[in-house]
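Take a look at the structure below.
There are 2 protein chains.
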Amino acid sequence: MTVVGRRERKKLATRAALRDAALRLALRHGVEHVTVEQIAAETDIAVRTFFNYFSSKEEAMVAAVAAEADALIAAFRDRPREEPVLRALREAVARVIAVSDTDALRLIVRAPSLLPQRLAVYATREKALAEAIADRLGLSPDDLYPAVCAATALTAMRVVLERWLDRPADHAALREQTEEVIGLLAAGLERGLP
Amino acid sequence: MTVVGRRERKKLATRAALRDAALRLALRHGVEHVTVEQIAAETDIAVRTFFNYFSSKEEAMVAAVAAEADALIAAFRDRPREEPVLRALREAVARVIAVSDTDALRLIVRAPSLLPQRLAVYATREKALAEAIADRLGLSPDDLYPAVCAATALTAMRVVLERWLDRPADHAALREQTEEVIGLLAAGLERGLP
DNA sequence: CTCGAAAATTGCACGTCATGCATCGATGCA
DNA sequence: TGCATCGATGCATGACGTGCAATTTTCGAG
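Quick mapping for you: the protein sequence lines, in order, are chains Z and A.
Letter 120 of the first sequence, counting from 1, is numbered 120 in our numbering, and no numbers are missing.
Letter 118 of the second sequence, counting from 1, is numbered 118 in our numbering, and no numbers are missing.
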């Protein structure tokens, strides 16, 4: 399946190098002050080539988030088919956040200038998740339910993640809050009133 | 309340003029091909002044969406306190979409280059809606429930709106789909399986 | 191994974007 | 009327993003 030659591997490596350089520079100088020129120099690559990989500085920085979202969807697809959608989602989230780079995430999530691009990443992943949900349920990807389910679940997890990153807490707390929110969605917002 | 002098009124008018000019030009030439210079010229003001009102071309174009979101929150706050949150939200949505400019909305929603900024607008309004919900329920705006409720409800309505704009349908259909989705959230995603 | 096609890298030019700064002008108030 | 504040504008500047063409690298067939 998808045998990758050296060419593809090098491209992947360059892409990762650019992404890491962007995050490293952002951590050192602040997201706002990083320029494409710096990222390219740090990776020892022409500025023009940078734009062959990413269409903007912001896209490079949120690439880590995009990768996590992809991992989430893959983990979701790996869950047993008989598992209910929201439970499968909950388990997938637990596995992905267990191995995530919290510092990088916090950097990205806290940067106001990255908010639009980050949300755009989530939005594009919404469609992929909706398809995965439709597959699992044997529905059409055009149905309303998979779309709403994917969108609201991703949103709920985004809210939890943002709140968690704002307060110093451990991974157990994150998992706990995730389960609480997923439970809320499953049982209905009307019922979950505190 | 909030008496506005001529100064403020002129600023508001200029802002609206810029927004309208941006949309008009986008409708005529396509979103991608509109420049700040054109918008400024159309409104007969200096380019530099444009940036006193909007920090980017995209922000000007999604201003209409921002206004609708604000209207939604205002309408929500106007609903009677004894009404359940999701029902109040549903009624507020119905009232706002009844008077919305569908052509402008479709233009904005369909433009890929506006997606990030549009989502950012929703995200900022999330907080305001969460506060309104917290007020209504007598909870703290820092509680998890208002945040999740606001975020997921806005997201669900965004999904419905996007789907509706993609297919030619009338306002009754939009209202119907809105109610269906709100019902789904209220009853729980687990229950609503078709 | 060699060669030619395909693909990736790079430099260059160009238009646009966005902001800081200084200045000018208009507005509103005492 | 005179002054103080706020908005509008021009200018300069650095960064962004893309099309294009040249150059180098990679890959596979012979």
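All residues carry an ideal CB built from backbone N, CA and C; glycine is no exception.
> If we ignore side chains and look at the alpha-carbon of each, how far apart do residue 99(Z) and residue 27(A) end up?
Replying inline: 46 Å
> From residue 129(A) to residue 122(A), what does the alpha carbon distance come to, in whole angstroms?
Replying inline: Between the alpha carbons of residue 129(A) and residue 122(A) lies a gap of roughly 10 Å.
> Which chain Z residues sit within Cβ distance under 8 Å of residue 120(A)?
Replying inline: Those are 115, 116, 119, listed as they occur along chain Z.
> What residues in the segment 71–89 of chain A have a beta carbon less than 7 Å from any beta carbon of chain Z?
Replying inline: For the segment 71–89 of chain A, the residues whose beta carbon sits under 7 Å from a beta carbon of chain Z are, in order, 84, 86.
>> Less than 8 Å between the C-beta atoms of residue 172(Z) and residue 159(A), yes or no?
In response: no
> Excluding five sequence neighbours on each side, which residues of the same chain lie with their C-beta closer than 6 Å to the C-beta of residue 111(Z)?
Replying inline: 31
> From what residue to what residue does the alpha helix (DSSP H) around residue 48(A) run?
Replying inline: 47–53
>> Give me, in chain order, the residues of the same chain whose beta-carbon lies closer than 7 Å to that of residue 89(A); leave out the 5 immediate sequence neighbours on both sides.
In response: The residues are 76, 153, 182.
>> Run through chain Z and tell me which residues come within less than 9 Å of residue 110(A), C-beta to C-beta.
In response: Going along chain Z, no residue has its Cβ under 9 Å from residue 110(A), so there is no contact; the nearest lies around 14 Å.
> Is the distance from the Cβ of residue 175(Z) to the Cβ of residue 74(Z) below 8 Å?
Replying inline: no
> Exposed or buried, which one is residue 169(A) when buried takes at least 16 other CB atoms within 10 Å?
Replying inline: exposed
>> Distance check for residue 56(A) and residue 189(A), CA to CA, integer angstroms please.
In response: 38 Å
> The alpha helix (DSSP H) spanning residue 35(Z) covers which residue range?
Replying inline: Looking at the DSSP string, residue 35(Z) is not in any alpha helix (DSSP H), and its letter there is neither H nor E.
> Nearest-angstrom Cα distance between residue 79(A) and residue 185(A)?
Replying inline: 19 Å
> Given a limit of 9 Å on CB to CB distance, which residues of the segment 27–56 of chain A reach chain Z?
Replying inline: none
>> Within the continuous alpha helix (DSSP H) that includes residue 116(Z), where are the two ends?
In response: 115–137
>> When you compare the CB of residue 179(Z) with every CB in chain A, is at least one pair closer than 8 Å?
In response: Chain A contact via Cβ: absent.
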